Amino acid sequence: MSTTRRDEAEELLARTPLVDGHNDLPWALRDLALSGQISEKSTPGDPVVTASVVDLTTRQPALQTDLVRAREGRLGMQFWSVWVPCRLAGDAAVTAVLEQVELVHHLAARYPDHLRLATTADEAERAFADGRIASLIGAEGGHSINGSLGVLRALRRLGVRYMTLTHNENTPWADSATDEPVHGGLTDFGREVVREMNRIGMLVDLSHVAPSTMRDALDTTSRPVVFSHSSCRAVADHPRNAPDDVLERLAGNGGVLMVTFVPQFVSAAHAAWDARLKEAMHEAGESHNDLEARHRFQAGWPEPAPRVTLDDVVAHVEHAREVAGVDHIGLGGDYDGVTALPEGMGDVSCYPDLFAALLDRGWSEDDCAKLAGRNALRVLRDNDD
Numbered sequence: 522m523s524t525t526r527r528d529e530a531e532e533l534l535a536r537t538p539l540v541d542g543h544n545d546l547p548w549a550l551r552d553l554a555l556s557g558q559i560s561e562k563s564t565p566g567d568p569v570v571t572a573s574v575v576d577l578t579t580r581q582p583a584l585q586t587d588l589v590r591a592r593e594g595r596l597g598m599q600f601w602s603v604w605v606p607c608r609l610a611g612d613a614a615v616t617a618v619l620e621q622v623e624l625v626h627h628l629a630a631r632y633p634d635h636l637r638l639a640t641t642a643d644e645a646e647r648a649f650a651d652g653r654i655a656s657l658i659g660a661e662g663g664h665s666i667n668g669s670l671g672v673l674r675a676l677r678r679l680g681v682r683y684m685t686l687t688h689n690e691n692t693p694w695a696d697s698a699t700d701e702p703v704h705g706g707l708t709d710f711g712r713e714v715v716r717e718m719n720r721i722g723m724l725v726d727l728s729h730v731a732p733s734t735m736r737d738a739l740d741t742t743s744r745p746v747v748f749s750h751s752s753c754r755a756v757a758d759h760p761r762n763a764p765d766d767v768l769e770r771l772a773g774n775g776g777v778l779m780v781t782f783v784p785q786f787v788s789a790a791h792a793a794w795d796a797r798l799k800e801a802m803h804e805a806g807e808s809h810n811d812l813e814a815r816h817r818f819q820a821g822w823p824e825p826a827p828r829v830t831l832d833d834v835v836a837h838v839e840h841a842r843e844v845a846g847v848d849h850i851g852l853g854g855d856y857d858g859v860t861a862l863p864e865g866m867g868d869v870s871c872y873p874d875l876f877a878a879l880l881d882r883g884w885s886e887d888d889c890a891k892l893a894g895r896n897a898l899r900v901l902r903d904n905d906d
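What follows is the structure in structure tokens.
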């Protein structure tokens, strides 16, 4: 790839904020403490203390995200995920999500020359104009509210701007893409959650949910939705991806699909490999939905993962542009939420290479700007009031 194209991409991203829909750095910092990869002074039970031990202004090889590489990648605005694993349920899930929200607030306070909390599109744009990475918060997994609209409202008051209705398992009110369906989409309470999210200005995030839940949410919502980190099922047949009939509805809704870089979601061969991994885990009595168990099992599984490249990501971006329209696409890398990434997209410094590839394929700068962040900012603004 020519240096000239990378330079063009960097110049574009200096003018137009790159908005990434999903980054799992907050939980990755907890994992570093638990794995013993950082100082013994850290306290795994206190994520803020843990985060204080890691200096994000230097390169962190154990992470896919640090502030050095974020600057190299021209990251302009980031939705930091306050993910809660499905193994944490009830009050434990609420505790964990509150701890993760506090961690994001702490990171912004610790690195004021780099990060600034933002809760609206205007605040995010001002932060970008001031040379800061606008830091927004997204809750991943509807189980984190423990069936309480009061907790949902409290998260919104703390600055959380989206909630993913499910994670890898169903909630009592919504079906997940990677669990056995029990509700047929959203329950009555699930539709109430969507309406309340509309009322308080929290984006409805349809990543991780079953297609039936996607359709029910689109039938219910009065505001544009977001897929914070999903790709296209027609390109890679993985249940986490959005089918074409749903993508076609984004134009009418005004929402945006933020294409992710997760290998099993972007490569058809990797999706098939992941399905075989799931079957092998099931035969061994292990749960593929448990990410920690999956990583352990995969480490000892003899079948190597297929090769995945930046071109696989490009295929999803172009398919989404064709089906949903150029006004309804964005990016959600899922950095630090996966153990491996496509070749050429290995960490947060790589965004300009993706845009260089699109420019090489004849994308206009205007269309690249829409993909980079203009569309995501519009959806955020449409949910602001």
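In the numbering used here, the protein residues as written are 522 to 906.
Using N, Cα and C, we set each Cβ at its ideal position, and we do this for glycine too.
Keep in mind that this is a model prediction, so the values were computed, not measured.
- Secondary structure at glycine 851: strand, using DSSP grouped into helix, strand and coil.
- By the neighbour-count criterion, in which a residue is buried when 16 or more other Cβ atoms sit within 10 angstroms of its Cβ, histidine 816 is exposed.
- For alanine 861, the closest C-alpha among the options Ala530, Val575, Ala583 is that of Ala583.
- Between alanine 897 and the set Ala877, His849, Asp905, the nearest pair of CA atoms involves His849.
- Inter-segment contact for the stretch 676–687 and the stretch 614–624 is present: three or more beta-carbon pairs are separated by less than 8 angstroms.
- DSSP, read as helix, strand or coil, puts aspartate 541 in strand.
- Out of Gly611, Arg551, His635, the CA that lies nearest to the CA of arginine 592 is found in His635.
- Runs of the beta strand (DSSP E) spanning 3 or more residues and lying entirely within the stretch 699–773 occur at 724–726, 747–751, in chain order.
- Considered as a whole, the stretch 615–698 harbours 642–650, 670–678 as its complete alpha helix (DSSP H) runs of no fewer than 4 residues, in chain order.
- For glutamine 585, the three-state secondary structure derived from DSSP is coil.
- Contact between the stretch 841–855 and the stretch 772–780 is established, with three or more Cβ pairs separated by less than 8 angstroms.
- DSSP places leucine 778 inside the beta strand (DSSP E), whose first and last residues are 777–780.
- In the displayed model, serine 870 falls within coil according to three-state DSSP, outside both helix and strand.
- One thing to note: arginine 551 has its Cβ no nearer than 8 angstroms to the Cβ of proline 538.
- A distance of 8 angstroms or more separates the beta carbons of aspartate 758 and alanine 549.
- Take glutamine 585, set aside five residues on each side of it, and the residues of its chain with a beta-carbon closer than 6 angstroms to its own are Tyr856, Asp857, Asp868, in chain order.
- Of the other Cβ atoms in all chains shown, fewer than 16 fall within 10 Å of the Cβ of glycine 821; this residue is therefore exposed.
- Residues Trp694, Ala695 of the same chain have their beta carbon placed closer than 6 angstroms to that of glycine 711, with the five preceding and five following residues left out of the count.
- Rounded to whole angstroms, the separation of the alpha carbons of arginine 842 and aspartate 811 is 32 angstroms.
- Where serine 602 is concerned, the enclosing beta strand (DSSP E) starts and stops at 596–602.
- Every alpha helix (DSSP H) stretch that sits fully inside the stretch 807–863 and reaches 4 residues is listed by chain position as 812–820, 831–844.
- Here the stretch 722–739 makes no contact with the stretch 820–837; the two share fewer than three CB pairs at distances below 8 angstroms.
- Alanine 645 is positioned such that its CB atom lies closer than 8 angstroms to that of leucine 657.
- Contact between threonine 571 and valine 589 is absent: CB atoms are separated by about 20 angstroms, not below the 8 angstroms threshold.
- The alpha-carbon of leucine 670 is positioned some 11 angstroms away from that of isoleucine 721.
- Of the residues assessed, aspartate 740 falls on the exposed side of the cut-off, its CB having fewer than 16 other CB atoms within 10 angstroms.
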